[in-house]
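Colleague: Sharing a structure, written as structure tokens. Questions coming.
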């Protein structure tokens, strides 16, 4: 399952659901964000059952980025029951993303 | 996890050198796997525009070129695993690579881990990355539109970064530890002509001033030793690169800067292990010299494999 790009309304809908939501805050002009994308797609495949694996374009949904205090992209944020649980700035490997997910889910 | 096959070649690192080795290896009929921790391209993927790679008269962005190199290698049968290598045993037979995705085995290894920007080595530097500390003007410059930024360094990349940032930021301050630039002449005139660029010669950054975000830097005069604080919104560190060779320390011979010792054959001190691209000792580190290494390494690997390894 590919990572889905959310607008604010879709995010609110997903966040209200039972599955935790993982969001990759990104922008098309951000080189580091593009680098994260291939690994992130594999994460979406692997964790699609447990998580909503999503992306939010910070230029299109600035409010959400502001609420999550995202000052640098890419940043991954994990939400449980609509609340932000943890975040990580610019993970450097697929392994680092998985570590973040495991840690955040355990919180 | 079932027993994995022994690959003829495992390439560590999916930059231009790595994927060219994979392309040549796959086309030579070798079973080939690339281990890449994040995504294809390495440093090249963060280069917005590459104008000196022959064949692209309009230039090409590094990320796209990287994706194309990956797909080209994969078209001929090379595979990619997004795995971070944690430990290797290069003298074992077959060679053993422990990774975040389990253990892999190979008859030959092409080491293509490249280089990363050198850090200032100051307290809180890592924590401030993305909060005012940056290493790539082309990547992060846009965030500091109409702000004041410091560039540290005096070489070509520092000069290029200062010019990029001068078009975005309100003010750029170039901090260099010597009293003149090391950058090649072509940069001098454009830099001198830039209105919103200021130089701080004979200075090093001795501390990063910050709350949640960077608020300034402390500069130390290399002649008098006096320290002064300078307010800024970001510091771009452009003081060279360091090779990613921690993994092979103690196994492969490295030069004083940490690059893997290998000549134009790309052969290292361990038979069947090749160093390709920026990670190898060489006079010029460019995409074109990296891809050449990839091709040579496969030629040498075939020779090695034919020798009965």
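Protein chains in written order, with my numbering: chain U, -19 to 87; chain E, 24 to 332.
Even glycine gets a Cβ: it sits at the ideal position worked out from N, Cα and C.
Report buried or exposed for residue 82 (chain E), applying the criterion of at least 16 other Cβ atoms within 10 angstroms of its Cβ.
Modeller: Here residue 82 (chain E) is taken as the residue at index 59 of the second chain, counted from 1. By the neighbour-count criterion, in which a residue is buried when 16 or more other Cβ atoms sit within 10 angstroms of its Cβ, residue 82 (chain E) is exposed.
Colleague: With 7 Å set as the bound, which would you pick, yes or no: does the beta-carbon of residue 24 (chain E) sit closer than that to a beta-carbon of chain U?
Modeller: Taking the second chain and counting its residues from 1, one reaches residue 24 (chain E) at position 1. Here the model assigns residue 24 (chain E) a pLDDT of 48, short of 50, so the residue's position is not dependable, and the following value carries that caveat. Interface flag for residue 24 (chain E) against chain U is unset, since no Cβ pair is found closer than 7 Å.
Colleague: Would you mind reading off the limits of the beta strand (DSSP E) that contains residue 320 (chain E)?
Modeller: Within the second chain, residue 320 (chain E) is the residue found at index 297, counting from 1. For residue 320 (chain E), there is no enclosing beta strand (DSSP E); the enclosing alpha helix (DSSP H) covers residues 310 to 329.
Colleague: Between the stretch 15 to 22 of chain U and the stretch 55 to 68 of chain E, do three or more beta carbon pairs fall short of 8 Å?
Modeller: yes
Colleague: Compare the C-alpha of residue 301 (chain E) against each of E:97, E:70, E:58, E:138 and name the closest.
Modeller: Translated into positions along the second chain, residue 301 (chain E) becomes position 278. The shortest Cα separation from residue 301 (chain E) among E:97, E:70, E:58, E:138 belongs to E:138.
Colleague: Looking at chain U, is there any beta carbon in it that lies within less than 7 Å of the beta carbon of residue 148 (chain E)?
Modeller: For the purposes of this step, residue 148 (chain E) is taken as the residue at position 125 of the second chain. Output row for residue 148 (chain E): interface = no.
Colleague: Mapping the DSSP letters down to three states, classify residue 206 (chain E) as helix, strand or coil.
Modeller: Within the second chain, numbered from 1, the residue matching residue 206 (chain E) stands at position 183. Coil.
Colleague: Can you find a C-beta in chain U that's less than 7 Å from the C-beta of residue 167 (chain E)?
Modeller: For the purposes of this step, residue 167 (chain E) is taken as residue 144 along the second chain, with counting starting at 1. It does not: the Cβ of residue 167 (chain E) has no partner Cβ on chain U nearer than 7 Å.
Colleague: Just the Cα atoms here: how many angstroms apart are residue 24 (chain E) and residue 253 (chain E)?
Modeller: If you number the second chain from 1, residue 24 (chain E) lands on position 1. If you number the second chain from 1, residue 253 (chain E) lands on position 230. For residue 24 (chain E), the predicted model reports a pLDDT of 48, less than 50, meaning its position is unreliable; a value from the coordinates is still stated below. Cα to Cα, the separation comes out at about 56 Å.
Colleague: Where does residue 336 (chain E) fall in DSSP's three states?
Modeller: Summary: the structure shown does not reach residue 336 (chain E), with chain E confined to residues 24 through 332, and so no result is reported for it.
Colleague: Can you tell me the Cβ-Cβ gap for residue 119 (chain E) and residue 105 (chain E), rounded? I've got them flagged as a contact below 8 Å.
Modeller: To locate residue 119 (chain E), count along the second chain from 1; it is residue 96. To locate residue 105 (chain E), count along the second chain from 1; it is residue 82. The C-beta separation of residue 119 (chain E) from residue 105 (chain E) comes to about 19 Å, leaving the pair out of contact by the 8 Å criterion.
Colleague: Give the DSSP-derived three-state secondary structure of residue 128 (chain E) in the structure shown.
Modeller: Counted from its first residue, the second chain places residue 128 (chain E) at position 105. Strand at residue 128 (chain E).
Colleague: At the level of alpha carbons, what is the spacing between residue 307 (chain E) and residue 35 (chain U)?
Modeller: What you label residue 307 (chain E) is simply residue 284 of the second chain in a count that begins at 1. What you label residue 35 (chain U) is simply residue 55 of the first chain in a count that begins at 1. Using only the alpha carbons, I get a separation of about 39 Å.
Colleague: Where does the unbroken beta strand (DSSP E) through residue 189 (chain E) begin, and where does it stop?
Modeller: As a position in the second chain, residue 189 (chain E) is number 166, starting the count at 1. No beta strand (DSSP E) holds residue 189 (chain E); the alpha helix (DSSP H) holding it covers 179 to 189.
Colleague: List the residues of chain U that residue 69 (chain E) touches, going by C-beta distances under 8 Å, in chain order.
Modeller: The count along the second chain starts at 1 and reaches residue 69 (chain E) at position 46. By Cβ distance, chain U contributes 11, 12, 15.
Colleague: For my contact list, residue 58 (chain E) and residue 11 (chain U) are in at a C-beta cut-off of 8 Å; report their separation, rounded to the angstrom.
Modeller: Locating residue 58 (chain E) in the second chain gives position 35, counting from the first residue. Locating residue 11 (chain U) in the first chain gives position 31, counting from the first residue. Not a contact, Cβ separation roughly 22 Å.
Colleague: If we ignore side chains and look at the alpha-carbon of each, how far apart do residue 167 (chain E) and residue 256 (chain E) end up?
Modeller: Translated into the one-based positions of the second chain, residue 167 (chain E) becomes position 144. Translated into the one-based positions of the second chain, residue 256 (chain E) becomes position 233. Distance between the alpha carbons of residue 167 (chain E) and residue 256 (chain E): 7 Å.
Colleague: Looking at residue 234 (chain E): is its Cβ nearer than 7 Å to the Cβ of residue 43 (chain E)?
Modeller: The sequence position of residue 234 (chain E) within the second chain is 211, counting from 1. The sequence position of residue 43 (chain E) within the second chain is 20, counting from 1. No.
Colleague: Going by the beta-carbon positions, is the gap between residue 289 (chain E) and residue 320 (chain E) smaller than 7 Å?
Modeller: Reading the second chain from its first residue, position 266 is the one you call residue 289 (chain E). Reading the second chain from its first residue, position 297 is the one you call residue 320 (chain E). Against a cut-off of 7 Å, the Cβ pair of residue 320 (chain E) and residue 289 (chain E) comes out as a contact.
Colleague: Buried or exposed, going by whether 16 or more other CB atoms sit within 10 Å of the CB of residue 82 (chain U)?
Modeller: On the first chain, residue 82 (chain U) is found 102 positions in, with the first residue counted as 1. Label assigned to residue 82 (chain U): exposed.
Colleague: By the DSSP assignment, the alpha helix (DSSP H) with residue 53 (chain E) in it spans what residues?
Modeller: Position 30 of the second chain, counting from 1, holds the residue named residue 53 (chain E). It is not in any alpha helix (DSSP H) - residue 53 (chain E) carries neither H nor E in the DSSP assignment.
Colleague: In the DSSP assignment, what residue or residues form a beta bridge with residue 259 (chain E)?
Modeller: Residue numbering aside, residue 259 (chain E) sits at position 236 when the second chain is read from its first letter. Answer by DSSP bridge pairing, in chain order: E:157, E:174.
Colleague: How many Å lie between residue 97 (chain E) and residue 46 (chain E) at the Cα?
Modeller: To locate residue 97 (chain E), count along the second chain from 1; it is residue 74. To locate residue 46 (chain E), count along the second chain from 1; it is residue 23. Cα to Cα, residue 97 (chain E) sits roughly 7 Å from residue 46 (chain E).
Colleague: Pick from U:51, U:85, U:53, U:29: whose alpha carbon is nearest that of residue 65 (chain U)?
Modeller: By one-based count along the first chain, residue 65 (chain U) stands at place 85. The shortest Cα separation from residue 65 (chain U) among U:51, U:85, U:53, U:29 belongs to U:85.
Colleague: What does the alpha-carbon distance come out to for the pair residue 134 (chain E) and residue 181 (chain E)?
Modeller: The residue labelled residue 134 (chain E) in the question sits at position 111 within the second chain. The residue labelled residue 181 (chain E) in the question sits at position 158 within the second chain. Each residue's alpha carbon lies about 28 Å from the other.
Colleague: Count the other C-beta atoms from every protein chain shown that fall within 10 angstroms of the C-beta of residue 54 (chain U), then say buried if there are 16 or more, exposed otherwise.
Modeller: Translated into positions along the first chain, residue 54 (chain U) becomes position 74. Answer is buried; the Cβ neighbour count reaches 16.
Colleague: Determine the burial state of residue 37 (chain U): buried for a count of at least 16 other Cβ atoms within 10 Å of its Cβ, exposed for fewer.
Modeller: As a working note, residue 37 (chain U) is residue 57 in the first chain. Residue 37 (chain U) comes out buried.
Colleague: Identify, in the order they occur along the chain, each residue of the same chain with its Cβ nearer than 7 Å to the Cβ of residue 245 (chain E), setting aside the five sequence neighbours on each side.
Modeller: Walking along the second chain from the start, residue 245 (chain E) turns up at place 222. Cβ within range, chain order: 200, 225, 226, 227.
Colleague: Using a Cβ cut-off of 7 Å (strictly closer), state whether residue 265 (chain E) contacts chain U.
Modeller: Translated into the one-based positions of the second chain, residue 265 (chain E) becomes position 242. Not a single C-beta of chain U is nearer than 7 Å to the C-beta of residue 265 (chain E).
Colleague: Could you check whether the Cβ of residue 354 (chain E) sits closer than 7 Å to any Cβ belonging to chain U?
Modeller: A question about residue 354 (chain E) goes unanswered here, because the residues of chain E that appear run from 24 up to 332.
Colleague: Grab the span of the alpha helix (DSSP H) containing residue 20 (chain U) for me, first residue to last.
Modeller: As a working note, residue 20 (chain U) is residue 40 in the first chain. It spans 11 to 27 - the alpha helix (DSSP H) in which residue 20 (chain U) sits, taken as one unbroken run.
Colleague: Along the chain, where does the beta strand (DSSP E) that runs through residue 33 (chain E) open and close?
Modeller: For this step, residue 33 (chain E) is matched to residue 10 along the second chain. Taken as a continuous stretch (DSSP letters only), the beta strand (DSSP E) holding residue 33 (chain E) covers 29 to 35.
Colleague: Please state the DSSP three-state secondary structure of residue 98 (chain E).
Modeller: Here residue 98 (chain E) refers to the residue found at position 75 when the second chain is read from its first residue. Residue 98 (chain E) falls in the helix class under three-state DSSP.
Colleague: So for residue 239 (chain E), helix, strand or coil by DSSP?
Modeller: As a first step, residue 239 (chain E) is located in the second chain; it is residue number 216 there, counting from the start. Residue 239 (chain E): strand per DSSP, three-state reduction.
Colleague: Count the CB pairs spanning the stretch 57 to 72 of chain U and the stretch -7 to 5 of chain U that are closer than 8 Å, and state whether there are at least three.
Modeller: In this structure the stretch 57 to 72 of chain U lies against the stretch -7 to 5 of chain U, because at least three pairs of beta carbons, one per stretch, are closer than 8 Å.
Colleague: Once you ignore the five residues that flank residue 30 (chain U) on each side, which residues in its own chain have a CB closer than 8 Å to its CB?
Modeller: On the first chain, position 50 is the one that residue 30 (chain U) refers to. Hits under 8 Å: -1, 0, 85.
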